[in-house]
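S.K.:
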Amino acid sequence: MRGGDKPLYLDPSQPIDRRVEDLLARMTLEEKVGQMCQYSGITMEYERMIREGRIGSLLNVFGADETNRIQRIAVEESRLGIPLIFGLDVLHGYKTIFPIPLGLASTWDPDIVRRAASIAAAEAAADGVHWTFAPMVDIARDPRWGRIAEGAGEDPYLGSAMARAYVEGYQGKSLSDPDTIVACPKHYVAYGGAEGGRDYNTVDISERTLREIYLPPFRAAVKAGAGTLMSAFNDLNGIPASANPHTLRTILRGEWGFEGFVVSDWNAIGELITHGIAGNIYEAAEKALKAGVDMDMQGDVYRRALVQLVREGRIPEGLIDDAVRRILKIKFMLGLFDRPYVDPERAKKIIKCREHLEAALEIARKSIVLLKNDGNLLPLSRDLGSIAVIGPLADDHEAPLGPWSCLGDPKDVVTVLEGIKSKVSPKTKVLYAKGCDIEGSSKEGFDEALRAARESEVVIAVVGESRDMSGEAACRAYLDLPGVQEDLLKALHATGTPIVMVLMNGRPLSISWAAENIPAIIEAWFLGVQAGYAIADVIFGDYNPGGKLPVTFPRTVGQVPIYYNHKNTGRPPLPDVKWTSKYLDIPYTPLFPFGHGLSYTRFEYSGLEISPVEVGANDTVKVRFRVRNVGDREGDEVAQLYIRDPVASVTRPVKELKGFKRVTLKPGEEKTIEFTLMLEDLSFLNSEMKRVVEPGEFRVMVGSSSEDIRLTGSFTVKDYVEFPLM
Ligand code: BGC
11 MRGGDKPLYL DPSQPIDRRV EDLLARMTLE EKVGQMCQYS GITMEYERMI
61 REGRIGSLLN VFGADETNRI QRIAVEESRL GIPLIFGLDV LHGYKTIFPI
111 PLGLASTWDP DIVRRAASIA AAEAAADGVH WTFAPMVDIA RDPRWGRIAE
161 GAGEDPYLGS AMARAYVEGY QGKSLSDPDT IVACPKHYVA YGGAEGGRDY
211 NTVDISERTL REIYLPPFRA AVKAGAGTLM SAFNDLNGIP ASANPHTLRT
261 ILRGEWGFEG FVVSDWNAIG ELITHGIAGN IYEAAEKALK AGVDMDMQGD
311 VYRRALVQLV REGRIPEGLI DDAVRRILKI KFMLGLFDRP YVDPERAKKI
361 IKCREHLEAA LEIARKSIVL LKNDGNLLPL SRDLGSIAVI GPLADDHEAP
411 LGPWSCLGDP KDVVTVLEGI KSKVSPKTKV LYAKGCDIEG SSKEGFDEAL
461 RAARESEVVI AVVGESRDMS GEAACRAYLD LPGVQEDLLK ALHATGTPIV
511 MVLMNGRPLS ISWAAENIPA IIEAWFLGVQ AGYAIADVIF GDYNPGGKLP
561 VTFPRTVGQV PIYYNHKNTG RPPLPDVKWT SKYLDIPYTP LFPFGHGLSY
611 TRFEYSGLEI SPVEVGANDT VKVRFRVRNV GDREGDEVAQ LYIRDPVASV
661 TRPVKELKGF KRVTLKPGEE KTIEFTLMLE DLSFLNSEMK RVVEPGEFRV
711 MVGSSSEDIR LTGSFTVKDY VEFPLM
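Residue numbers (our numbering): 11 to 736.
1) Go ahead and pull the three-state DSSP assignment for Arg654.
2) Residue ranges of each beta strand (DSSP E) run of no fewer than 3 residues wholly in the segment 672-725, ordered along the chain?
3) My guess is that Gly182 and Asp189 are in contact by the Cβ rule of under 8 angstroms, so how many angstroms apart are they, rounded?
4) Considering only residues of the same chain and omitting the five flanking positions on each side of Gln45, which have a CB-CB separation below 6 angstroms?
5) Indicate, with yes or no, if the ligand BGC has a heavy atom lying under 7 angstroms from the CB of Leu69.
6) Using a threshold of 8 angstroms, state whether the C-beta atoms of Val213 and Gly203 are closer than that.
7) When you compare each of Asn70, Arg79, Leu367 and Thr38 to Glu62 by their alpha carbons, which one comes out closest?
8) Taking C-alpha atoms, which residue in Ile279, Arg29 and Phe108 lies nearest to Gly418?
9) Regarding Trp276 and the ligand BGC, is the C-beta to nearest heavy atom distance less than 7 angstroms?
10) When the distance is taken between beta carbons, is His197 closer than 8 angstroms to Met240?
11) Excluding the 5 residues preceding and the 5 following Leu112 in the sequence, name in chain order all residues of the same chain whose CB lies nearer than 8 angstroms to its CB.
12) For Glu62, name the three-state secondary structure that DSSP assigns.
13) Report all residues from its chain with a CB closer than 6 angstroms to the CB of Val711; omit the five preceding and five following residues, and keep chain order.
14) For Phe243, which of helix, strand or coil comes out of DSSP?
15) Could you give the DSSP three-state label for Glu31: helix, strand or coil?
16) Could you give the DSSP three-state label for Thr53: helix, strand or coil?
17) Quick check: the segment 608-623 against the segment 641-660, are at least 3 beta-carbon pairs closer than 8 angstroms?
18) Helix or strand or just coil, what does DSSP make of Leu489?
19) Excluding sequence positions up to five away, which residues of its chain have a Cβ less than 6 angstroms from the Cβ of Gly641?
20) Assuming contact is defined by CB atoms lying nearer than 8 angstroms, are Phe635 and Ile572 in contact in what I supplied?
21) Within the continuous beta strand (DSSP E) that includes Leu502, where are the two ends?
22) Counting only the same chain and skipping the five closest in sequence on each side, list residues whose C-beta sits under 8 angstroms from that of Ala524.
23) Determine the direct distance from the alpha carbon of Arg58 to that of Tyr224, and round the result to whole angstroms.
24) With a 10 Å radius around its C-beta and 16 neighbouring C-beta atoms as the bar for buried, classify Arg12 as buried or exposed.
25) Applying the 10 Å Cβ sphere with the 16-neighbour rule, what's the burial state of Arg349?
26) Given that a residue counts as buried once 16 or more other Cβ atoms are within 10 Å of its Cβ, and exposed if not, what is Lys668?
27) Which residues in the same chain have their Cβ closer than 6 angstroms to the Cβ of Trp258, if we skip the five residues on either side of it in sequence?
28) Can you tell me whether Asp99 sits near the ligand BGC, meaning its C-beta is under 7 angstroms from at least one heavy atom of the ligand?
29) If distances are taken between C-alpha atoms only, which option among Ile509, Ala231, Tyr201 and Cys194 comes closest to Val473?
30) Let me check understanding here. Comparing Cα to Cα, which of Glu704, Gly248 and Ile620 lies closest to Arg685?
31) Determine whether the beta carbon atoms of Val100 and Ala231 lie at a separation below 8 angstroms.
32) Count the CB pairs spanning the segment 547-556 and the segment 388-395 that are closer than 8 angstroms, and state whether there are at least three.
33) Leaving out five residues on either side along the sequence, give the residues of the same chain with a beta carbon under 7 angstroms from the beta carbon of Leu18.
34) Which residue from Met307, Pro93, Glu296 and Pro564 puts its Cα closest to that of Phe243?
35) Does the beta-carbon of Glu482, which I'm using as the reference point, lie nearer than 7 angstroms to any heavy atom of the ligand BGC?
36) Suppose the cutoff is 8 angstroms on Cβ atoms and the five residues either side in sequence are ignored; what does the same chain contact list for Phe72 look like?
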C-alpha cells in the first residue's frame with residue numbers, strides 16, 4: 011500500500027485514539043481478526059499471511075536485520091501496512107543475563123530490579139523486539155512448582171513491589187522511546203497455585219486467597235501502567251483462566267480499569283477444549299473472546315473460528331473491534347507506525363556493552379543470600395595456600411544462565427571456578443574436581459574430589475540443580491539436592507576440611523543435612539553471566555552479602571506448602587503439646603524462613619516509634635526506628651516491617667509484610683528508617699468480601715527476617731473504614 015493521499019492513521023500528529031478509529035474503519039473483518047493472531051517463528055506460510063494482513067504479531071523472532079526484514083513485509087506489502095508487534099520472553103536479561111527473577115527478588119531492592127529490566131529492554135528493543143512476556147508475577151508457595159524460579163516468591167507485598175519495578179523498568183517513561191518495550195505481566199491468574207506443585211495443574215482456591223494473595227502483584231503491575239497482560243493456562247475454580255469472565259472482565263477491566271490488551275498463553279485458547287469447557291474451536295474462541303482475551307498466542311483458533319462466529323451472529327463484531335482497538339493502540343503507543351524499523355548499528359553498540367556487564371555484576375552480588383556462616387568461616391582470605399573447588403556446578407557454563415535465559419550465551423558465563431581463580435593470590439593453589447554429575451548415581455569422581463579436599467585448607471562445594479530443573483514444565487516431587495550430591499558433601503565433610511557450600515538452584519531446596527553440618531552456605535540461585543565473579547566477591551569479602559530470601563525453605567517436601575504469612579489456627583504448634591498443629595517426625599518450623607539472610611557484619615535495631623498510636627480514618631501511621639551497623643565492615647541490611655491484626659471478623663495471617671528497605675551502612679553508622687502505613691494497607695476482605703479495616707489493635711513487628719523480629723509495638727485503629735475492592 012502507501013502512496014496517494016496519506017490516510018489519517020499514518021499521520022503522527024494526530025491523537026492515537028483518532029488514528030486507531032480511522033484505521034479500524036478501513037479494516038475488513040479478516041484483517042481485524044488477523045491483528046488478534048500471533049504465531050511463533052517465521053515461515054513462508056507466515057510471510058504470506060502477513061502480506062494478507064492476517065497476522066498481527068510474531069513471537070520468537072529477533073535480531074535487527076531479521077525483524078526489519080519481516081516488518082517490511084507487513085508495512086510495505088500488506089494492504090493497510092499495519093506493523094507487526096514482535097514479542098519475546100525477556101525475563102532476566104536479553105543477552106546480558108541477570109539473576110533469575112527469584113534471585114532478583116532476593117535483592118529486596120526494587121531500584122536494582124528496575125535497572126535490570128531497563129537494560130534488558132534496551133538490548134531487546136535494539137534487536138527489534140517490542141514486547142516482553144514478563145514480568146512473571148505469579149505468587150508461588152510451592153517450591154515443587156518449577157516456575158517459582160521465574161517470579162518473586164511467596165509474598166504479595168514483595169511481589170507487588172517487584173512487579174511495579176519490572177514494569178517501570180521495561181516500559182520506561184514512554185513506550186515510544188527506542189529503549190523501551192511493553193511489559194506483559196503473567197500468568198493471569200493464580201497459575202502458581204497448581205495442585206501438587208505440578209505445572210499446568212488445576213487451581214482451586216477461595217475468592218479471598220485469590221484477591222489477597224494472587225491478585226495484588228497483577229494489580230500493582232496494572233497500576234504501574236503495564237500495556238498488556240497474559241491469561242494463564244490453568245483451571246481456576248472450574249473456569250480456565252483464559253476463558254474466565256470473572257477475573258478478566260469483572261476484575262481486570264471492571265474493577266481495575268485495565269485498558270491494554272490480553273494475550274493468551276501458548277495455545278491456552280485451544281486448550282479450553284482439553285479442559286473440557288469447549289467442544290470445538292468455535293466454542294473455545296467464543297468463550298475466550300467473550301471473557302476478554304484479545305490475542306491468540308499460537309493457537310490458530312481465532313484465525314479459524316472468529317470470522318465465522320461473527321458471520322453467524324454468535325459474536326457481535328463490536329467485540330472484535332474492541333480487541334483490535336486495544337491491540338492497535340499499543341502498536342501506536344510503541345511508535346511502530348511511525349518508526350517501524352530499528353537501526354542495526356545501535357544493537358551492535360549496546361548489547362552486552364561494558365556498562366551492562368558491570369550492572370550484571372552488581373545485580374548478581376546483590377541477589378546473593380548468605381544462609382549460614384558458623385564461626386565466621388566466610389569471608390575467606392585470598393592468601394590461603396590451597397583451595398579445592400568441587401562440585402558439578404563449579405565450572406558449569408550453562409547453569410548460571412538459569413531457565414528462560416532468552417539469548418544468553420554460555421560462552422559469556424563466568425563460572426565459580428573462574429571467578430575464584432581470578433581473585434586468589436598468586437601463591438594460592440586452586441584444585442578443581444567435579445566430583446559427580448548434577449543427576450545420576452555415579453560416584454566415580456568422588457575419589458579425585460576427596461583427594462583435592464584433603465590437600466586443601468578449605469573446600470568450596472558448588473552444588474544444586476541444572477538450569478532445566480526449574481522453569482516451565484520442570485517440577486520436582488523431591489526438593490533434595492539431585493543425584494549423589496549430598497553423598498558427595500557427606501564424604502567431603504568426613505575429610506575434616508571446612509566446607510563452604512555454594513548453592514545454585516531455581517527453587518528452595520530441602521538441604522536439612524547440609525544446613526546442620528556445613529558451616530557456611532551461600533544461596534547463589536542462577537546469577538547470570540557474571541555469576542562466578544559475584545560469588546567470588548562474596549567468598550573473599552570484596553562484597554558483603556545482603557540479600558534475603560523471598561521464599562521459605564522447607565526442611566522436607568512434606569511441609570509444602572509452607573509460607574510465613576499463614577493463619578494461626580485454633581491450635582498453633584507448641585513443641586511439647588501433642589494436640590497442636592505440627593508433625594510427629596519433623597519440626598513444624600522452616601529450614602530457613604522468609605526474609606532470612608546473613609551478613610559479614612551485625613546490625614542492631616532500636617528506638618521504635620509509632621505515631622499516632624490511636625489512628626483515625628484519615629490518618630496514616632508512621633513507623634520509625636534505627637538500624638546501626640555494630641560490626642566492623644560495611645554491609646547491607648534489609649529492614650522488614652510486619653503487621654498483625656490479632657482480632658478481626660475473619661482470621662488474619664500471623665504476620666504480613668507491609669514495608670521493607672535495603673540500606674547500606676558503614677561500620678558504626680546508624681540510619682533512621684521510616685515507613686508510612688496507609689489505613690488501606692491494613693485492610694482485608696471481611697465475610698461479605700468487602701475491603702475493610704476494623705477498629706482494634708494492630709501489632710507491629712520490625713526485624714531482620716520474618717522470624718528474627720527485633721522490635722515490637724502496636725497501635726489502635728479507632729474507626730471502621732471501607733475501601734473499594736482493590
Ligand atoms: C509460557 C509463557 C511464555 C510463552 C511464550 C508459554 O509456554 O507459559 O510463560 O511467555 O510460552 O514463550
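All C-beta atoms in this analysis are idealised placements derived from N, C-alpha and C, irrespective of residue type, glycine included.
M.R.: Taking the geometry as given:
1) strand
2) 680-688, 701-703 and 706-713
3) 6 angstroms
4) Gly66, Val334 and Ile337
5) yes
6) yes
7) Thr38
8) Phe108
9) yes
10) yes
11) Ile158, Ala159, Glu160, Gly161, Ala162, Gly163, Gly516, Arg517, Trp535, Pro560 and Val561
12) coil
13) Val is not the amino acid found at residue 711; the sequence shown has Met there. Contacts found: Tyr652, Ile719 and Thr722.
14) coil
15) helix
16) coil
17) yes
18) coil
19) Thr611 and Arg612
20) no
21) Here Leu502 belongs to no beta strand (DSSP E); instead the alpha helix (DSSP H) covers Gln495 to Ala504.
22) Leu491, Glu496, Leu499, Met511 and Ile531
23) 41 angstroms
24) The pLDDT assigned to Arg12 is 48, lower than 50, so where the model puts this residue is not dependable; a value taken from the coordinates is nonetheless given after this. Under this definition Arg12 is an exposed residue.
25) exposed
26) buried
27) The identity of residue 258 in the sequence shown is Leu, whereas the question assumes Trp. These residues qualify, in order along the chain: Ala301 and Gly302.
28) yes
29) Ile509
30) For the sequence presented, residue 685 should be read as Phe rather than Arg. Cα-wise, what sits closest to Phe685 is Ile620.
31) no
32) yes
33) Gln24, Arg28, Arg29 and Asp32
34) Met307
35) yes
36) Phe96, Leu98, Ala134, Asp137, Gly138, Val139 and Leu417
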